[in-house]
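Chains as they are written, first to last, in our numbering: chain A, 31 to 185; chain B, 31 to 185.
Protein chains: 2
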Amino acid sequence: MKYHLDMDVTLLDRLLQIGELFQRDMARAFAGTGFTPARLRVLWVLQHDGSMTQQALAAQLDVTPRNVSGLVDALEASGHVRRTPHPSDRRAVLVELAPRTARIMSRMQREHEELSATLLDAVAPADRAAVERGIGAIADRLAVLVEDAEEGAEA
Amino acid sequence: MKYHLDMDVTLLDRLLQIGELFQRDMARAFAGTGFTPARLRVLWVLQHDGSMTQQALAAQLDVTPRNVSGLVDALEASGHVRRTPHPSDRRAVLVELAPRTARIMSRMQREHEELSATLLDAVAPADRAAVERGIGAIADRLAVLVEDAEEGAEA
DNA sequence: CCAGATAATGAAGCAAGGTAACTATGAAGT
DNA sequence: ACTTCATAGTTACCTTGCTTCATTATCTGG
């Protein structure tokens, strides 16, 4: 009841639809858990790259350090993350995932891979290789276009 | 500097990357114009389906009527939209696109189609048909999965 | 050893988007 | 006619994510 698939559906329409569906599903899956998108990104980076200082987190997430403070505050209050003193720099803290949360993230990673397989399974076998190549090519092309646009906007 | 494309990049990773790139580009393109995603969706629906009441807009956009009020407030203040009295219901107002904004939306539609063509152009010619079929199949499968999940969550 | 950079936080604020409770109007049944 | 109920919008308030500016504590290089 939300997609007007009547006429002229472009490739881009479909890709946007996919993006929107992902967002909707994320929002539903984490509703009421206290996991917001920004907080999930923090957890994701910690899972992927291990403990790090808030400065490093800010750089990875491309947000201000002040912001990371707030996000880590929330995650620490809910027990998903711990602040431990940095071994060699008493100004800094190391943010690390709580073991329980690390397990949650691993499970999410697994579900992520399963979903990927399920989606590929929806594609006709003869088309799969082409789809994987094609989506990669589209992502790369789009990355270049967006980067160029951003550089142009700075000037 | 934000995508870790090192190992094990799944199809889903690529699709998520594409979604994120779109969002980034949208955010950049409309920064400073007062067009936010929610407001753009309002304009899009008005362009596509013509003038309607705020209730109808709320239903189309799947947001609360209150929210539509705020969005229309902002769009009216910037002159992109007009509120006119409903001819037969004095409670309701009809929201209509300003002509100038309708032209802007048409231009966006054209750019949208151009971008779609550009992205398809990045795909090897021999893969194009398969990619179009495949992305359609993925979008459909994902739509079913998300809807099922939402129904399951209600129960 | 001190001048300046750096890590984190406190205080305040902004824009976007959301819900809940309220007012005004319409519609339907007796 | 009039009571009841549904509907259209809006006023008030909350949360999230993010920002800037100022402050404290610590590190580092001349």
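Heads up, the beta-carbon is just placed ideally off N, CA and C, and yes, glycines get one too.
This one's a predicted model, so the numbers in the text were calculated from it and none came from an experiment.
Assigned exposure category for residue i - 16 Cβ within 10 Å defines buried
i, result
"Arg-120 (chain B)", "exposed"
"Arg-69 (chain B)", "buried"
"Val-174 (chain A)", "exposed"
"Gly-164 (chain B)", "buried"
"Gln-139 (chain A)", "exposed"
"Lys-32 (chain A)", "Low per-residue confidence applies at Lys-32 (chain A): pLDDT is 41, beneath 50, and the placement is therefore not dependable, though the value from the model is reported in the following sentence. Its Cβ having fewer than 16 others within 10 Å, Lys-32 (chain A) is exposed."
Under 8 Å between C-beta atoms of residue i and residue j
i, j, result
"Ser-99 (chain A)", "Gln-77 (chain A)", "no"
"Ile-168 (chain B)", "Val-153 (chain A)", "yes"
"Ala-160 (chain A)", "Ala-160 (chain B)", "yes"
"Leu-124 (chain B)", "Thr-131 (chain B)", "no"
"Arg-44 (chain A)", "Gly-166 (chain B)", "yes"
"Ala-88 (chain B)", "Pro-95 (chain B)", "yes"
"Leu-127 (chain A)", "Leu-51 (chain A)", "no"
"Ala-179 (chain B)", "Asp-55 (chain A)", "yes"
"Glu-143 (chain B)", "Thr-63 (chain A)", "no"
"Arg-112 (chain A)", "Leu-91 (chain A)", "no"
"Leu-46 (chain B)", "Leu-145 (chain A)", "no"
Any chain B beta carbon closer than 8 Å to residue i
i, result
"Gln-47 (chain A)", "yes"
"Ala-57 (chain A)", "no"
"Ile-168 (chain A)", "yes"
"Ala-88 (chain A)", "no"
"Arg-69 (chain A)", "no"
"Gly-100 (chain A)", "no"
"Gly-164 (chain A)", "yes"
"Leu-76 (chain A)", "no"
"Val-176 (chain A)", "yes"
"Arg-171 (chain A)", "yes"
Min CB distance residue i to chain A below 8 Å
i, result
"Phe-52 (chain B)", "yes"
"Glu-181 (chain B)", "no"
"Arg-44 (chain B)", "yes"
"Thr-40 (chain B)", "yes"
"Lys-32 (chain B)", "Only weak support exists for where Lys-32 (chain B) lies, its pLDDT of 42 falling under 50; the value from the coordinates is given anyway. True, the Cβ-Cβ gap to chain A drops below 8 Å."
"Leu-73 (chain B)", "no"
Delimiting residues of the alpha helix (DSSP H) encompassing residue i
i, result
"Pro-188 (chain B)", "The first residue shown for chain B is 31 and the last is 185, placing residue 188 (chain B) beyond what the model contains."
"Thr-52 (chain A)", "Note on identity: in this sequence residue 52 (chain A) is Phe, with Thr being the wrong assignment. Where Phe-52 (chain A) is concerned, the enclosing alpha helix (DSSP H) stretches over 41-60."
"Val-72 (chain B)", "67-79"
"Ala-152 (chain B)", "Looking at the DSSP string, Ala-152 (chain B) is not in any alpha helix (DSSP H), and its letter there is neither H nor E."
"Ala-88 (chain A)", "84-91"
"Asp-103 (chain B)", "95-107"
First through last residue of the beta strand (DSSP E) which encompasses residue i
i, result
"Val-125 (chain B)", "123-127"
heavy atom of the ligand SAM below 7 Å from residue i C-beta
i, result
"Ser-136 (chain A)", "Judged by which ligands are present, the structure shown has none, so any question about the ligand SAM falls away."
### Task
Taking a Cβ distance cut-off of 9 Å, strictly less, list which residues of the stretch 133-161 of chain B are near chain A, in chain order.
Listed in sequence order: His-142, Glu-143, Leu-145, Ser-146, Ala-147, Thr-148, Leu-149, Leu-150, Asp-151, Ala-152, Val-153, Ala-154, Ala-156, Asp-157, Arg-158, Ala-159, Ala-160, Val-161.
### Message
Beta carbons nearer than 9 Å to chain A: which residues of the stretch 106-137 of chain B have them?
### Response
Shown here is that no member of the stretch 106-137 of chain B has a Cβ falling below 9 Å from a Cβ of chain A.
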